[in-house]
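Chemist: Numbers 2 to 177, taken from my numbering, label the letters of the sequence shown in order.
Backbone N, C-alpha and C define an ideal beta-carbon position, used for all residues, glycine too.
None of these values were measured; they are calculated from a predicted model.
One structure follows; several queries about it will come next.
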Amino acid sequence: MRASSLLLVLLAGCVFNNISAEERLRDSVVGYNDEVRWNRIDLAAQRVAPPYRDQFRLTHADWHEAFEIADSEIVHVQVNDEDRSQATSFVKVRWYDQRTMLLTETTLRQEWARNVNGYQLTEEEVTDGNERLLAVPERFRADDEEEGEDGEGSDEGEGEPEADEARASRAAPRAG
């Protein structure tokens, strides 16, 4: 009698654990996509794994400025392994390009990892449609390119500080 009661409790715990994991995944996917849809990017960022947050902020920097989200639909959510530590969701996003006011559609694949609080987004990529939705804005790409050029020690910038110092030293005696 005692063994069967213990077995029943353990089985119930397993069932509730599985339901809980699925509920947490659903809450994370729905919550994240709803927050992004309504421009609550700071709240959505809390659902993003820390190593991916900088990339998330770059790819979502122009959301609701360069384009407006019209609708989003969670197409499919699947758990990828038996221990439910990884999951994938597919989301179809319909959005207006503010430059042209044309309705565009993009399908995203979102990767999720389970932690103690639920699931966090670890990767997001375009699988179909217009890739501009997750493109890093040009203003951030230009900064990266300039830093790369400066780091290589281009000949253009060399010698300019000395020329500035020479001009300053010639101007200094006139001022005094």
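1) Who are the near neighbours of residue 28 in its chain, counting only those whose CB is closer than 7 Å to its CB and skipping five residues on each side?
2) By the three-class DSSP mapping on this structure, what secondary structure does residue 183 have?
3) Please confirm whether residue 135 and residue 89 have their CB atoms less than 8 Å apart.
4) Go ahead and label residue 26 buried or exposed: buried means 16 or more other beta carbons lie within 10 angstroms of its beta carbon, across all protein chains shown.
5) With the cut-off set at 8 Å, would you say residue 48 and residue 121 are in Cβ contact?
6) Taking 8 Å as the cut-off, decide whether the C-beta atoms of residue 194 and residue 96 are in contact.
7) Taking 8 Å as the threshold (C-beta atoms), are residue 132 and residue 123 in contact?
8) State yes or no: is the C-beta of residue 22 within less than 8 Å of the C-beta of residue 85?
Modeler: In this structure, then:
1) These residues qualify, in order along the chain: 119.
2) Residue 183 lies beyond the residue range present for the chain, which begins at 2 and ends at 177; the question has no answer from this structure.
3) Not in contact: residue 135 and residue 89 (Cβ atoms no closer than 8 Å).
4) With 16 or more other CB atoms across the displayed protein chains lying within 10 angstroms of its CB, residue 26 is buried.
5) For the 8 Å CB-CB criterion, residue 48 and residue 121 form a contact.
6) A query on residue 194 cannot be resolved here, the shown segment of the chain reaching from 2 to 177 and no further.
7) No, Cβ-Cβ distance for residue 123 and residue 132 is not below 8 Å.
8) Cβ distance < 8 Å, so residue 22 and residue 85 count as in contact.
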